[in-house]
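Chains as they are written, first to last, in full-length UniProt numbering: chain A, 1 to 223; chain B, 1 to 223.
There are 2 protein chains.
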Amino acid sequence: MRLVIARCSVDYAGRLTAHLPLAPRLILVKADGSVSVHADDRAYKPLNWMSPPCTLKEGAENGVAVWTVVNKAGEKLIITMDEILHDSSHELGVDPGLVKDGVEAHLQELLADRMETLGEGWSLIRREYPTAIGPVDILGRDADGTTIAVEIKRRGEIDGVEQLTRYLELLNRDPHLAPVKGVFAAQEIKPQARVLATDRGIHCAVLDYNALRGIDDDKLRLF
Amino acid sequence: MRLVIARCSVDYAGRLTAHLPLAPRLILVKADGSVSVHADDRAYKPLNWMSPPCTLKEGAENGVAVWTVVNKAGEKLIITMDEILHDSSHELGVDPGLVKDGVEAHLQELLADRMETLGEGWSLIRREYPTAIGPVDILGRDADGTTIAVEIKRRGEIDGVEQLTRYLELLNRDPHLAPVKGVFAAQEIKPQARVLATDRGIHCAVLDYNALRGIDDDKLRLF
DNA sequence: CCGTAAATGTCGTCG
DNA sequence: CGACGACGTTTACGG
Chain A
1 MRLVIARCSV DYAGRLTAHL PLAPRLILVK ADGSVSVHAD DRAYKPLNWM SPPCTLKEGA
61 ENGVAVWTVV NKAGEKLIIT MDEILHDSSH ELGVDPGLVK DGVEAHLQEL LADRMETLGE
121 GWSLIRREYP TAIGPVDILG RDADGTTIAV EIKRRGEIDG VEQLTRYLEL LNRDPHLAPV
181 KGVFAAQEIK PQARVLATDR GIHCAVLDYN ALRGIDDDKL RLF
Chain B
1 MRLVIARCSV DYAGRLTAHL PLAPRLILVK ADGSVSVHAD DRAYKPLNWM SPPCTLKEGA
61 ENGVAVWTVV NKAGEKLIIT MDEILHDSSH ELGVDPGLVK DGVEAHLQEL LADRMETLGE
121 GWSLIRREYP TAIGPVDILG RDADGTTIAV EIKRRGEIDG VEQLTRYLEL LNRDPHLAPV
181 KGVFAAQEIK PQARVLATDR GIHCAVLDYN ALRGIDDDKL RLF
């Protein structure tokens, strides 16, 4: 990892064109060849960047350093450094990576284990039920034996309802499964998504992650 | 801007919980108080971060530095630094900011100015035509006087077709406008989006940004 | 390599 | 402040 603080101007030409006027900034060059330019605010997003794979060429023009970063698509990032204020390099090695908990995959596991939180007598057929347009999060049955397709989101928005609608359309073409009812399950469901879902006869279920995990923990303690 | 290279472990508890095992990483502390943790790969996304506004408390435990970053929502980022390999601070000042060109808003302006690129005799009613579920990018008329709703994207994918479909459904309920035909316009249209659009009777139009801009420039030169 | 779905998405804008 | 859509979205995962 190379850290450069420099008074620089930056030009990007690719999916759009963008220009950064001359000012002091941080430039990061990482081991994978990627380059990013940071201002002194905002944690997440660089002002400009080039994702790997890409190649950096260090040149000079009229005595000022000019870096050109290009990728395979022909996108270009040009950094012109009028004054270099700091320049250091550091060996970091490969990162062991992030361990996460509480994302959609985890919600899916928990809910599959506890279908009865959706309704009494409900049961699981399978998780990630494959269809031609992608896997349905959970396929199950209600107490009457009616097939249920569940779409799970952390936050339920319109996109998720559309996604479930497409699955339902396809599943209902299968005489072995039809009729299939839809359930839109999320920790939080946005009003517009709820309206759209209800309008389409899709049931909405708000999930309590901690409660689900609690139930799961109880279950684990029993065995 | 403070740059720290340290062998550290990181814990985040907020919208999810996440953990980073002990390894050398870059930690950025910016003037707005935000903190991010970077590995030696990927230009864009930090391994962990806390967006502003947030507060950083530097503490120590058993002789190792422990930083705790919290925000108003109560999300927490805890960085435990076993060994500090580099630590430097730099005054950068406020960034003058980015100048962009070529995004959807610009495409919309250009196309509104040149409705005839969609079809001979086509005309504009208005841009950002308001509906209960959001503004339609462009509402216009074809040569026969039939109402046309245009959805503009840089890249045309399935969700754009869904969006236009919802608008069309709503617009067609208005007897002053109905029947309303749909046009899905983008610089690039993905095959699946095209299939879905066609299946729904929505016309697809591929936009040439440079050509549109060229036409517009010609127009500007005339006045 | 393409296509789809997830994301601690983030970021603007508008009500 | 919440809701919504754009983003150079990026990133991960399948076929």
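Virtual Cβ for every residue (Gly too), placed ideally from N, Cα, C.
With respect to the C-alpha of Arg166 of chain B, the residue from A:Leu170, A:Ile125, A:Ile158 having the closest C-alpha is A:Ile158. Annotation: Leu171 of chain A has no Cβ neighbours in chain B at a cutoff of 8 Å; minimum Cβ distance is about 17 Å. Taking the beta carbon of Met50 of chain A as reference, the chain B residues within 9 Å of it are Ala43, listed in sequence order. Residue state for Val161 of chain B is assigned as helix, using DSSP reduced to three classes. Cβ-Cβ distances below 8 Å link Ile152 of chain B to Glu104, Leu107, Gln108, Leu111, Asp137, Ile138, Ala185, Ala186, Leu207 in the same chain, with the five nearest sequence neighbours on each side left out; the list follows chain order.
Within the DSSP bridge table, the entry for Asn48 of chain B names B:Val37 as partners. Taking the Cβ atoms as the reference, Arg194 of chain A lies roughly 5 Å from Cys204 of chain A, within the contact range of under 8 Å.
Within the segment 147-218 of chain A, the beta strand (DSSP E) runs of at least 3 residues that lie entirely inside it are, in chain order, 147-156, 180-189, 203-206. With fewer than 16 other beta carbons inside 10 angstroms of its own, Ile133 of chain A counts as exposed. Of the candidates B:Leu77, B:Tyr44, B:Asp40, B:Leu77 places its Cα closest to the Cα of Pro52 of chain B. Around the C-beta of Asp40 of chain A, 16 or more other C-beta atoms lie within 10 Å, and the residue is accordingly described as buried.
Taking a Cβ-Cβ threshold of 8 Å, the residues of chain B close to Arg25 of chain A are Leu92, Asp95, in chain order.
Distance from the CA of Ile125 of chain B to the CA of Pro135 of chain B, rounded to the nearest whole angstrom, comes to 13 Å. Counted as a single uninterrupted DSSP element, the stretch harbouring Leu26 of chain B is not any alpha helix (DSSP H) but the beta strand (DSSP E) occupying residues 17-29. With respect to chain A, the C-beta atom of Pro191 of chain B has no partner C-beta closer than 9 Å.
Val99, Lys100, Asp101, Gly102, Val103: these are the residues of the segment 99-112 of chain B whose beta carbon lies less than 7 Å from some beta carbon of chain A, given in chain order. The distance from the Cβ of Val35 of chain A to that of Val29 of chain A is about 5 Å, consistent with a contact at the 8 Å cut-off. Neighbourhood of Val35 of chain A in chain B, by CB distance below 8 Å: Ala43, in chain order. Out of A:Ile148, A:Arg7, A:Val64, A:Val66, the CA that lies nearest to the CA of Arg127 of chain A is found in A:Ile148. The beta carbon of Arg15 of chain B sits closer than 9 Å to some beta carbon of chain A.
Within 10 angstroms of the beta-carbon of Arg173 of chain B lie fewer than 16 other beta-carbons, which makes it exposed.
Not a single CB atom of chain A sits nearer than 9 Å to the CB of Leu139 of chain B. The C-alpha of Val64 of chain A is placed about 43 Å away from the C-alpha of Ala18 of chain B. Asp101 of chain A sits in a strand when the DSSP states are folded into three classes.
Counting C-beta atoms within 10 angstroms of its own C-beta, Pro21 of chain B has fewer than 16 neighbours from the protein chains shown and is therefore classed as exposed.
Judged by beta-carbon spacing, Glu83 of chain A lies within the 9 Å limit of Arg7 of chain A, meaning their Cβ atoms are closer than that value.
By the neighbour-count definition (other C-beta atoms within 10 Å, threshold 16), Thr80 of chain B is a buried residue.
Residues of chain B whose Cβ lies closer than 8 Å to the Cβ of Ile202 of chain A do not exist; the shortest such Cβ separation is about 15 Å. Under the criterion of beta carbons closer than 8 Å, Asp101 of chain A and Gly121 of chain A do not qualify as touching, at roughly 30 Å. Among the CB atoms of chain B, one or more fall inside 9 Å of the CB of Met1 of chain A. Per the DSSP secondary-structure output, Gly63 of chain A pairs with nothing in a beta bridge. In terms of beta-carbon proximity, Ala31 of chain A lines the interface with chain B, with at least one pair separated by less than 9 Å. Per the C-alpha coordinates, the member of B:Gly140, B:Val10, B:Lys57 positioned closest to Gly33 of chain B is B:Lys57. As DSSP reads the structure, Arg7 of chain A sits in a beta bridge with A:Pro24, A:Glu83.
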